[in-house]
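*Asks:*
Residue numbers (my numbering): 319 to 440.
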């Protein structure tokens, strides 16, 4: 980050914002920072936008009246604040030990067009 910032003549914070596609950097400066990073040997990586999360919980967790509901509620609040759909699925001990994903759980994700740069050179 420091090398890229120095090469462009901006702060590390500005370089970081540009590479994360965060607000607060002009399009011209962002382009200059990304172009410089690529010229310095960093490569683009594709990031995935997560829209759905399924939490697999052992069946007894749903029966325990105090601790686990608080954990699940915290996960749900965090997911909701990020506009992520959350679902939970109860599994038995055998399914957990054998690391079997229940057939009713779908593995869907949407690829986004967002891209960033890896934190190390090729």
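Glycine included, each C-beta is placed from N, C-alpha and C at the ideal position. Treat the numbers as computed from the prediction; the structure is a model and nothing was measured.
Starting from the N-terminal side, write out each stretch of the alpha helix (DSSP H) that is 4 residues or longer and does not extend beyond the segment 320 to 400.
*Replies:* DSSP runs (the alpha helix (DSSP H)) wholly in the segment 320 to 400: 320 to 326, 330 to 337, 345 to 357, 377 to 381, 385 to 399.
*Asks:* Checking 7 angstroms against the spacing of the C-beta atoms, do residue 340 and residue 351 come in under that value?
*Replies:* Within the chain shown, residue 340 is the residue found at index 22, counting from 1. Within the chain shown, residue 351 is the residue found at index 33, counting from 1. Not closer than 7 angstroms, so no.
*Asks:* Should residue 423 go down as buried or exposed, given a rule of 16 or more other Cβ atoms within 10 Å for buried?
*Replies:* Numbered from 1 along the chain shown, position 105 holds the residue referred to as residue 423. With fewer than 16 other Cβ atoms within 10 Å, it is exposed.
*Asks:* Between residue 373 and residue 406, which are expected to be in contact by the criterion C-beta below 8 angstroms, what is the C-beta distance as a whole number of angstroms?
*Replies:* Within the chain shown, residue 373 is the residue found at index 55, counting from 1. Within the chain shown, residue 406 is the residue found at index 88, counting from 1. About 5 angstroms; that satisfies the 8 angstroms criterion.
*Asks:* When the Cα of residue 404 is compared with those of 388, 369, 420, which residue comes out closest?
*Replies:* The residue given as residue 404 occupies position 86 in the chain shown. Taking only the C-alpha atoms, the option nearest residue 404 is 369.
*Asks:* Which term fits residue 391, buried or exposed, when burial requires 16 or more other beta carbons within 10 angstroms of its beta carbon?
*Replies:* In the chain shown, counting from the first residue as 1, residue 391 sits at position 73. The residue is exposed, with fewer than 16 neighbouring Cβ atoms inside 10 Å.
*Asks:* What is the rounded straight-line gap between the Cα of residue 338 and the Cα of residue 383?
*Replies:* Along the chain shown, one-based indexing puts residue 338 at 20. Along the chain shown, one-based indexing puts residue 383 at 65. About 41 angstroms.
*Asks:* Check the DSSP bridge columns for residue 403 and list the partner residues they point to.
*Replies:* The residue given as residue 403 occupies position 85 in the chain shown. Note: residue 403 sits in a beta bridge opposite 370.
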